[in-house]
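*Asks:* Protein chains in written order, with the numbering used here: chain A, 54 to 342; chain B, 3 to 416.
Submitted below is the structure of interest, expressed as structure tokens.
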């Protein structure tokens with residue numbers, strides 16, 4: 054009986070542990086193996102060295118995808134956090150309709166990225182959306198054709214992504230703002246410190262953990278972005294808005310080049326690790342201290 | 003398990019009764035799910051059933067066949083391949099190299115396929131000398147479709163050279179009409195590109211550049227001229243072309259918003275469905291230059307076990323190439339029969355033109371597989387070329403850079 058009591062947690066956790074081991078780490082291992090082979094339509098298991106990685110980094114399309122990931126990641130995370138923080142601070146001013154506004158800002162998160170992408174595709178289409186509307190008002194010279202311009206198209210993905218995610222970030226920050234000890238704020242107010250100084254010097258620094266979680270959530274959203282690009286631009290014009298995830302999909306499922314897809318998946322995983330590992334490390338160290 | 007046992011016992015009892023006739027069975031994986039296509043497949047199903055077969059339909063829609071390929075990969079890896087799979091071009095050879103295709107030479111010889119199919123198309127259906135696939139139809143890719151009213155109004159004849167095409171386009175543009183209806187999707191860019199390669203370079207150049215991937219041809223001045231023409235044509239499309247679907251581009255020609263579209267003969271289906279008459283409302287002609295680019299759908303036959311399945315496979319192969327199915331299916335689909343001895347009375351004038359050109363080019367050796375539709379090259383190489391073509395078309399890249407990039411991309415995709 055006592056044995057059972059001691060071991061019940063382990064027994065209960067065992068199936069999910071084994072499942073995670075197999076379906077997450079097992080398949081990571083499988084993908085790593087395949088990325089060192091010459092697999093085409095079907096996986097084969099003869100190791101041939103790093104040829105797939107050499108091909109990957111010689112491919113101009115992969116270069117575009119990586120650059121896009123960088124541009125999209127930095128802007129998406131940066132603007133979402135900034136906008137989310139501003140919205141949260143404004144909502145934190147004890148305004149009357151806070152509940153309604155909070156819901157409105159949070160709603161985009163309830164939409165599927167496919168819906169977001171399709172809706173923005175129509176709004177950004179120069180012949181149907183914003184440009185046509187403003188021209189219809191009489192501003193004949195107005196142009197906003199980023200979505201058809203290969204140099205600017207990636208920024209339309211940022212716009213749609215920020216629209217979708219900043220409400221969610223706002224909710225995170227709002228919770229953070231509310232959790233700051235009211236006594237400290239009152240004390241600061243009594244001392245006559247201006248409101249903006251209270252935010253910059255007291256409240257925001259005490260929310261550092263929230264920033265970190267918002268960053269982690271947004272960065273993994275950015276790295277695995279796929280459906281937004283597919284719905285919004287289809288990777289185009291040309292392949293100007295390709296991201297690593299869409300590159301991998303094209304290689305694996307349209308072109309029958311599984312080795313190439315596996316190597317791009319491994320590189321994507323390493324990018325995620327580069328972000329998550331320092332975070333985990335700092336978390337674990339903080340606990341050990 | 004029990005199903006298998008029941009089957010086994012029933013097979014055994016048949017044998018004991020001395021009636022060793024197998025009941026043909028076929029499981030068919032395809033992605034013909036839209037209106038006209040689904041009707042066309044139903045024709046085959048009925049014919050199969052009327053010959054005593056039992057058909058298991060396995061339609062997998064989505065992604066232009068990508069979803070079906072994923073399903074196929076899973077089935078083959080599980081050792082349980084379907085009887086017949088809609089596959090085409092070099093993909094058939096790729097699956098053959100994985101060692102999973104069946105040999106249907108017996109049916110092919112009995113039906114005399116070698117005599118009724120154009121030689122270059124028959125080549126796709128053979129794997130190292132044995133027949134492993136059955137062709138369904140021939141789509142021509144190098145078509146230019148035009149709005150007749152617009153051309154008449156501006157006194158323009160169907161262009162027979164690219165210079166004529168450019169001159170006509172300039173004239174239309176000056177009159178405020180979009181010369182070329184085009185959708186900015188990679189495969190549509192590639193479709194236009196290959197017709198330009200064929201027109202500017204000629205059939206021999208097409209063969210060495212896009213089939214043999216000859217590095218000299220890929221880096222030649224002719225290829226630069228091809229990219230120059232692509233750059234010129236980029237000026238003939240409207241501002242909203244990015245991401246537009248091909249059928250919306252066809253609608254632009256139909257509605258008189260644009261004059262020309264370069265697209266395979268599935269575009270004809272859109273015209274006909276809208277009640278337009280070839281020769282009266284719209285015109286069809288091959289794109290400037292010699293040659294014929296084909297896109298042939300076919301069913302590859304996978305290795306299956308059991309007498310019933312093999313019998314089903316053979317019956318299916320016989321019916322697919324049979325006269326009746328070839329006629330009915332292609333009337334529904336807008337393509338033309340792959341065999342040369344089908345009466346064309348019920349086909350429209352564009353289809354008759356296509357069939358005559360196919361026969362003529364087959365004689366002249368300029369009947370060529372389409373690269374943009376996966377007939378000429380394997381996925382990785384075709385994709386690498388398409389990447390360059392679409393990057394060039396959608397930016398201000400120079401033709402010199404495009405040619406250099408093309409050679410690099412092809413080398414890297416090997």
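All C-beta atoms in this analysis are idealised placements derived from N, C-alpha and C, irrespective of residue type, glycine included.
So which residues of chain B does residue 112 (chain A) contact, with C-beta pairs closer than 7 Å?
*Replies:* Ordered by position in chain B, the residues that pass the 7 Å Cβ test against residue 112 (chain A) are 414.
*Asks:* Among A:107, A:255, A:313 and A:215, whose alpha-carbon lies nearest the alpha-carbon of residue 230 (chain A)?
*Replies:* The candidate whose alpha carbon is nearest that of residue 230 (chain A) is A:255.
*Asks:* Check the Cβ of residue 200 (chain A) against every Cβ in chain B and list those closer than 7 Å, keeping chain order.
*Replies:* Ordered by position in chain B, the residues that pass the 7 Å Cβ test against residue 200 (chain A) are 244.
*Asks:* What is the rounded straight-line gap between the Cα of residue 194 (chain A) and the Cα of residue 185 (chain A)?
*Replies:* Computed Cα separation, rounded: 11 Å.
*Asks:* Based on Cα-Cα distance, which residue from B:118, B:123, B:107 and B:112 lies nearest to residue 133 (chain B)?
*Replies:* Per the Cα distances, B:107.
*Asks:* Applying a beta-carbon distance threshold of less than 7 Å, which residues of chain B neighbour residue 290 (chain A)?
*Replies:* Going along chain B in sequence order, the residues near residue 290 (chain A) (Cβ under 7 Å) are 186, 244 and 396.
*Asks:* Check each candidate in A:334, A:291, A:123 and A:70 and name the one with the smallest Cα separation from residue 398 (chain B).
*Replies:* Ranking A:334, A:291, A:123 and A:70 by Cα distance to residue 398 (chain B) puts A:291 first.
*Asks:* If we cut at 8 Å on Cβ distances, does residue 307 (chain A) have a partner in chain B?
*Replies:* Output row for residue 307 (chain A): interface = yes.
*Asks:* What alpha helix (DSSP H) runs, 4 residues minimum, are completely inside the stretch 329-381 of chain B?
*Replies:* Here the runs fully enclosed are 351-366.
*Asks:* Taking Cβ-Cβ distances below 8 Å as the criterion, which residues of the stretch 96-108 of chain B are in contact with chain A?
*Replies:* So the close ones are 96, 97 and 100.
*Asks:* Beta carbons nearer than 8 Å to chain A: which residues of the stretch 286-316 of chain B have them?
*Replies:* Listed by position, the residues of the stretch 286-316 of chain B near chain A (Cβ gap below 8 Å) amount to none.
*Asks:* Go ahead and pull the three-state DSSP assignment for residue 88 (chain B).
*Replies:* Of the three classes helix, strand and coil, the one that applies to residue 88 (chain B) here is strand, per DSSP.
*Asks:* Starting from residue 299 (chain B), follow the beta strand (DSSP E) in both directions and report where the run begins and ends.
*Replies:* Taken as a continuous stretch (DSSP letters only), the beta strand (DSSP E) holding residue 299 (chain B) covers 294-303.
*Asks:* Distance cutoff 8 Å, beta carbons only. Does residue 120 (chain A) sit that close to anything in chain B?
*Replies:* Not an interface residue.
*Asks:* Could you please give the first and the last residue of the uninterrupted alpha helix (DSSP H) stretch that includes residue 81 (chain A)?
*Replies:* Run containing residue 81 (chain A): 80-87, per the alpha helix (DSSP H) assignment.
*Asks:* Should residue 220 (chain B) be labelled buried (16 or more other beta-carbon atoms within 10 Å of its own) or exposed?
*Replies:* Its Cβ being crowded by 16 or more others within 10 Å, residue 220 (chain B) is buried.
*Asks:* Counting only the same chain and skipping the five closest in sequence on each side, list residues whose C-beta sits under 7 Å from that of residue 303 (chain A).
*Replies:* For residue 303 (chain A), where only same-chain residues beyond five positions count, there are no Cβ hits under 7 Å.
*Asks:* Consider the Cβ of residue 296 (chain A): report whether some Cβ of chain B lies at a distance smaller than 8 Å.
*Replies:* No, because no Cβ of chain B sits closer than 8 Å to the Cβ of residue 296 (chain A).
*Asks:* So for residue 156 (chain B), helix, strand or coil by DSSP?
*Replies:* Residue state, collapsed to three classes: coil.
*Asks:* Return yes when the Cβ of residue 229 (chain B) is within less than 8 Å of the Cβ of residue 404 (chain B), no when it is not.
*Replies:* Going by C-beta atoms, residue 404 (chain B) is nearer than 8 Å to residue 229 (chain B).
*Asks:* With a cut-off of 8 Å, does the C-beta of residue 382 (chain B) fall near any C-beta of chain A?
*Replies:* Residue 382 (chain B) counts as touching chain A.
*Asks:* Below 8 Å between beta carbons: does that hold for residue 286 (chain B) and residue 164 (chain B)?
*Replies:* No, the Cβ-Cβ distance between residue 286 (chain B) and residue 164 (chain B) is not below 8 Å.
*Asks:* Please list the partners that residue 247 (chain A) has in chain B, where partner means a Cβ-to-Cβ separation under 8 Å.
*Replies:* Result: empty, since nearest Cβ-Cβ is about 49 Å, beyond 8 Å.
*Asks:* So if DSSP puts residue 186 (chain A) in a beta bridge, which residue, or which two residues, is it bridged to?
*Replies:* BP columns for residue 186 (chain A) are empty, so no partner.
*Asks:* Cβ of residue 30 (chain B) within 8 Å of Cβ of residue 327 (chain B)?
*Replies:* No, the pair does not count as a contact, with Cβ atoms beyond the cut-off.
*Asks:* Alpha carbon to alpha carbon, what distance is there between residue 242 (chain B) and residue 380 (chain B)?
*Replies:* Cα to Cα, residue 380 (chain B) sits roughly 32 Å from residue 242 (chain B).
*Asks:* Leaving out the 5 sequence neighbours to the left and right, which residues in its chain are closer than 8 Å to residue 409 (chain B) when beta-carbon positions are compared?
*Replies:* Counting only Cβ-Cβ distances below 8 Å, and skipping sequence neighbours, we find 217, 220 and 221.
*Asks:* Using a Cβ-Cβ cut-off of less than 9 Å, give me the residues of the stretch 170-183 of chain A that come near chain B, in sequence order.
*Replies:* Here the close residues are 174, 178, 179, 180 and 181.
*Asks:* Exposed or buried, which one is residue 146 (chain A) when buried takes at least 16 other CB atoms within 10 Å?
*Replies:* The residue is exposed, with fewer than 16 neighbouring Cβ atoms inside 10 Å.
*Asks:* Identify every run of the alpha helix (DSSP H) within the stretch 184-226 of chain B, keeping only runs that are complete inside it and at least 4 residues long; order them along the chain.
*Replies:* Taking only runs of at least 4 residues, the alpha helix (DSSP H) segments lying wholly in the stretch 184-226 of chain B are 188-198, 204-208 and 217-220.
*Asks:* If we ignore side chains and look at the alpha-carbon of each, how far apart do residue 327 (chain A) and residue 107 (chain A) end up?
*Replies:* Between residue 327 (chain A) and residue 107 (chain A), the C-alpha separation is close to 21 Å.
*Asks:* Measure from the alpha carbon of residue 225 (chain A) to the alpha carbon of each residue in A:192, A:201 and A:260, then state which is nearest.
*Replies:* Considering only alpha carbons, the answer is A:260.
*Asks:* Please tell me whether residue 272 (chain A) and residue 170 (chain A) are closer than 8 Å, where the distance is taken between their beta carbons.
*Replies:* Not in contact: residue 272 (chain A) and residue 170 (chain A) (Cβ atoms no closer than 8 Å).
*Asks:* Checking contacts by CB at 8 Å: is residue 407 (chain B) closer than that to chain A?
*Replies:* Taking Cβ atoms only, chain A reaches closer than 8 Å to residue 407 (chain B), which makes this a yes.
*Asks:* Buried or exposed: which applies to residue 394 (chain B), given that a residue is buried once 16 or more other Cβ atoms fall within 10 Å of its Cβ?
*Replies:* It is buried - the Cβ of residue 394 (chain B) has at least 16 other Cβ atoms within 10 Å.
*Asks:* Of all the CB atoms in chain B, is at least one closer than 8 Å to the CB of residue 203 (chain A)?
*Replies:* Closer than 8 Å: yes.
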